[in-house]
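Numbering (my numbering), first residue to last: 78 to 254.
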């Protein structure tokens, strides 16, 4: 790693200062906003001594950092949102499993954690809205599964489950075909 040499106090004292691992953070990249919201919420939860919130938010920020390490760069706003959505989905699924396994107290904890993460995600889309967008695309002449999903996913990513969207597309194509 290349450092920068700075003169400090006396001319004979040199200090090596290494740059940030993600130097573009200081340039105001858009992804800082959601990350900043998470960090501020974590700091507030620590001040409030809200152990559940601290746990959820610190784990989520760690997952974001791990994703950045995988990418080798700062995560974009969409990538941070995807990490949040994945974490929320995992918690919802775990809550269902715990409840069905006769452990409602653990299921409730997972549900609370999912609710905390939902605060940072955009409003989810209703099935009727997704179905309407699929119908619009079909009316515009897109009648194959791949192109239809390719057109739909950017509109719903992080706001609606991809598997459910796939099911809706299949139903609408079968109905139209």
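C-beta atoms are modelled at their ideal positions from N, C-alpha and C, and glycine is treated no differently.
When secondary structure is reduced to three states using DSSP, residue 176 falls in the helix class.
Cα atoms of residue 200 and residue 230: separation of roughly 16 Å, rounded to the nearest angstrom.
In the three-state reduction of the DSSP assignment, residue 125 falls in the helix class, which pools H, G and I.
Taken atom to atom, the span from the alpha-carbon of residue 243 to that of residue 226 is near 7 Å. For residue 174, the number of other beta carbons within 10 angstroms of its own is below 16, and it is reported as exposed. Counting C-beta pairs with one atom in each stretch, the segment 143-163 and the segment 194-212 have three or more that are closer than 8 Å, which means they touch. Of all alpha-carbon atoms in 172, 194, 185, 177, the one lying nearest the alpha-carbon of residue 164 is that of 194. Using a Cβ distance threshold of 7 Å, residue 233 and residue 211 do not count as a contacting pair. Rounded to the nearest whole angstrom, the CA to CA distance from residue 166 to residue 191 is 7 Å. The residue among 208, 248, 116 with its C-alpha nearest the C-alpha of residue 132 is 116. With a cutoff of 7 Å on beta-carbon distance, residue 228 and residue 205 are scored as not near each other. A distance below 6 Å between beta-carbons, with the five flanking residues on each side excluded, links residue 176 to the following residues of its chain, in chain order: 184. In the three-state reduction of the DSSP assignment, residue 152 falls in the coil class, being assigned neither a helical nor a strand state. Under the DSSP assignment, residue 213 falls in the alpha helix (DSSP H) whose first and last residues are 204-216. In the DSSP annotation of this structure, the continuous segment of the alpha helix (DSSP H) that includes residue 229 starts and ends at 222-233. Residue 238 sits in coil when the DSSP states are folded into three classes, being neither helix nor strand.
The criterion of a C-beta distance shorter than 7 Å is satisfied by residue 130 and residue 122.
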